[in-house]
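For the sequence shown, this note's numbering assigns the number 2 to the initial residue and increments by one for each residue that follows.
In what follows, a single structure is set out as structure tokens and then discussed.
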Amino acid sequence: MLVALNAHAQTKLDSSVPRLEKQGAATQLVVDGKPFPVLGAELHNSSASSLEYMKPLWPKLVASHLNTVLATVSWELIEPQEGKFDFRLVDGLLQEARTNDLHLVLLWFASWKNGKSNYQPLWVKTNQARFPLIQNEQGKSLATLTTFSDANRDADARAFAALMRHLREVDGEKHTVLMIQVENEVGVLEDSRDRSPAANEAFAKPVPKDLMNYLIQHKATLAPELLKVWAANGNKTSGTWEEVFGPCKPASVELYGPDLTDEKKNIYWRQLNWASDEFFMAWRYSMYVNKVAAAGKAEYDIPMYVNAWLQQSGCPRPGEYPSGGPVPQVHDLWRFGAPAIDILSPDLYIEQFAETCARYTRNGNPLFIPESKAGVQGAAQAIYAFGACNAIGYSPFGVDRFAGSDTELARAYDFLSSVSPLILANQGKGTMTAVLLDATNATQTFLLGNYKIEAKFWVPPSWAHATNTMTGPIAGLFISTGPDDYIVMGRNLAVNFSSTNETENVGIGTDEEGVYQNDQWVPGRRLNGDEVPEWRTLHLRNDKYSIQHVKLYRYH
Ligand code: DGJ
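Rendered as structure tokens:
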């Protein structure tokens, strides 16, 4: 039975409610007063709509060593009739999560999901006079609610507020729900912007003064992509969207003949300017989402994020990916438009993992990756995100398919749970970093603590009777724990330490393999001889992620 917490008791909600807190340069998710690493996975879109479907999945989720499940809550299911809410499904999810000692991040699928509108209730879908849609140039409606409608926004916000009120009542003390994703991959698809009459009218007007002032005041920290567009059009401090950010080509303009290859088409698209359309839509979506998020936070204030469908090399034009969603070039517009949103998140399936993490941690944006890959790659990415980017959490998509104990992700999450107190203690302090490596890339060199470190992908020689089929990617994670002391975590990793003073040699004093149990270091083998070739290179095993404690010394 879920116990209801009334509004009076809520006023006394203490600081144990999930919240974001700074630790040095990092921002951490703090739950029940302690930093919490989200070792998550996201269910397929429809899974959480049936408690029956979920039943056999819960034990597999537990076996996957997750601590958090990302699950959809849809507007259509909680408000099937206007003003009449049904939270039985939400309560069932909470109950099962608690029984299985798991947390939840709830995904509010409402006005938009992947740019389109499919999750609004039927009474919204069928009343387009009251809840209008986006239009294209020909005046044809797209199956997407327009941001240019207070009715759309307010109906969504009312439902979301009801959900958050309910969560406060049933979860305000237990904290099963850690965070909320507001909508899913918002933005206009099929066109670079909304071309309904209301949208056209707003687009022809000057960029709003308060937004212009925000950009001027924050010029020193704006995204370089935005600065570039602004500068290319003369750094104007007022004017219409196209005057300030450049004219866009309307979607209908014939830009290429029928014989143009996709590759050439993409090169061509890239040379065109779509910034005004995309910036304009980012401004609209952020303000709409902000109203929804703020209405929810007024009821129950826990961290909220939005997720982005990223621009991909094959589809570079806004509209081929949702135009106006929180991609890096419009982060500043989202920050201006949506102060109620705490985190801008990437759904990170593209190859450029480290670069994208870097673009999503600019200006102190905390890194939370709600959708990504599992497998060997997911395992490495999760470790890298926590170690190099102070991530709050990592979550591969579609866990229904791969839940279970015998997976790379399960092993990585098991490993990460054992070392997470150490990782969390070092986030934001400049004492920890990580690298992503594979069989094809070069040695990575970096400074940490008092030493220079070189890390490269390594497979044991065949005489060591090891299986040498692993090609990566793998992660290496490094923590400086004293003037000459390091903890190194990883797999298939060769690591050398050297001095920043070239006349000085660095030797390995001691090298110990071990594990963390209940936050305590339990030493295993003392590594030496063939396991530490030439007494200068650490080798981390190739069959699983492992840990070594190393003490260095210097000699001349
Ligand atoms: C990204 C979306 O955000 C998810 O809901 C899901 O549709 C996946 N794509 C499918 O790959």
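Ideal Cβ positions, reconstructed from N, Cα and C, are used throughout, including at glycine.
For clarity, every value in this text was computed on a predicted model and none was experimentally measured.
Query                                                                                                                                                               : Result
What is the residue span of the beta strand (DSSP E) that VAL18 lies within?                                                                                        : Note, VAL18: premise wrong, no beta strand (DSSP E); not H, not E.
In the stretch 398–431, which residue ranges form an unbroken alpha helix (DSSP H) of at least 4 residues, counting only runs that do not cross its ends?           : 400–403, 409–427
Per DSSP, which residues does VAL183 bridge with? Please list them.                                                                                                 : TRP109
Can you tell me which of the three DSSP states GLY483 falls into?                                                                                                   : strand
Using the Cβ count rule (16 or more neighbours within 10 Å means buried), how would you classify VAL444?                                                            : What sits at residue 444 in the sequence shown is Thr, not Val. Exposed is the call here.
Taking DSSP as the reference, what is the three-state secondary structure of SER253?                                                                                : With a pLDDT of 49 at SER253, under the threshold of 50, the modelled position of that residue is not reliable, and the figure given next carries that caveat. The answer is coil: DSSP assigns SER253 none of H, G, I, E or B.
For MET471, I'd like the list of residues in its chain whose CB is within less than 7 Å of its CB, leaving aside the five on either flank, ordered along the chain. : VAL460, ASN493, ASN543
Is ASP33 near the ligand DGJ, with its Cβ less than 8 Å from a heavy atom?                                                                                          : no
Could you check if HIS332 is buried or exposed, using at least 16 other CB atoms within 10 Å of its CB as the buried criterion?                                     : buried
Between which two residues does the beta strand (DSSP E) holding SER50 run?                                                                                         : Taken as a continuous stretch (DSSP letters only), SER50 belongs to no beta strand (DSSP E), as it is neither H nor E.
State the beta-bridge partners of HIS104 as determined by DSSP.                                                                                                     : THR69
Less than 8 Å between the CB atoms is what I'm expecting for PRO38 and GLY379, so what's the real figure, rounded?                                                  : The Cβ separation is near 15 Å, so there is no contact.
May I have the straight-line CA-CA distance separating GLY376 from ALA386, to the nearest angstrom?                                                                 : 15 Å
Would you say PHE398 touches the ligand DGJ, meaning its beta carbon is less than 8 Å from a heavy atom?                                                            : yes
Taking its Cβ as the centre, do 16 or more other Cβ atoms sit within 10 Å of GLU97, making it buried, or is it exposed?                                             : buried
Could you work out which residue in ARG336, PRO367, VAL436, ILE351 is closest to ILE384 when comparing CA atoms only?                                               : VAL436
If you scan the stretch 310–361 from start to end, which runs of the beta strand (DSSP E) of 3 or more residues do you find wholly inside it?                       : 344–348
Once the 5 residues before and after TYR215 are set aside, which same chain residues still bring their CB inside 7 Å of it?                                         : PHE337
Measuring straight from C-alpha to C-alpha, what distance separates GLY530 and THR434?                                                                              : 28 Å
Examine the ligand DGJ and report whether any of its heavy atoms sits within less than 8 Å of the Cβ of ASP569.                                                     : Given that the chain is displayed from residue 2 to residue 557, the structure contains no residue 569 and the question cannot be resolved.
Applying the criterion that 16 or more other CB atoms from any shown protein chain within 10 Å of the CB defines a buried residue, is ASN46 buried or exposed?      : buried
Tell me, please, whether the stretch 56–65 touches the stretch 21–28 by the rule of three or more beta-carbon pairs shorter than 8 Å.                               : no
Are the CB atoms of MET490 and PHE479 nearer to each other than 9 Å?                                                                                                : yes
Rounding to the nearest angstrom, what Cα-Cα distance links ASN506 and TYR556 in this structure?                                                                    : 5 Å
For the ligand DGJ, any of its heavy atoms closer than 8 Å to the Cβ of TRP558?                                                                                     : Outside the displayed range of the chain (2 to 557) lies residue 558, so it cannot be described from this structure.
Just checking, does the stretch 299–318 make contact with the stretch 153–168 on the three C-beta pairs under 8 Å criterion?                                        : yes
Can you tell me whether LYS114 sits near the ligand DGJ, meaning its C-beta is under 8 Å from at least one heavy atom of the ligand?                                : yes
Could you tell me the distance, in whole angstroms, from the CA atom of PRO36 to the CA atom of ASN391?                                                             : 12 Å
If you draw a straight line from the C-alpha of ALA111 to the C-alpha of HIS550, how long is it?                                                                    : 49 Å
Between the Cα of ASP102 and those of TRP59, PRO484, ILE217, ALA27, spot the shortest distance and give me the residue it belongs to.                               : TRP59
Is the beta carbon of LYS430 less than 9 Å from the beta carbon of ALA26?                                                                                           : yes
Expressed to the nearest angstrom, what Euclidean distance is found between the alpha-carbon atoms of ALA355 and ASN366?                                            : 15 Å
Nearest to GLY563 by CA position, among SER481, ILE370, ASP415, ALA456, is which residue?                                                                           : As shown, the chain starts at 2 and ends at 557. That puts residue 563 outside it, with no answer to give.
Between the Cα of GLN136 and those of SER197, ILE79, ALA130, spot the shortest distance and give me the residue it belongs to.                                      : SER197
How about TRP76 and ALA160: do their beta carbons lie closer than 9 Å?                                                                                              : yes
Within the continuous alpha helix (DSSP H) that includes TYR286, where are the two ends?                                                                            : 276–300
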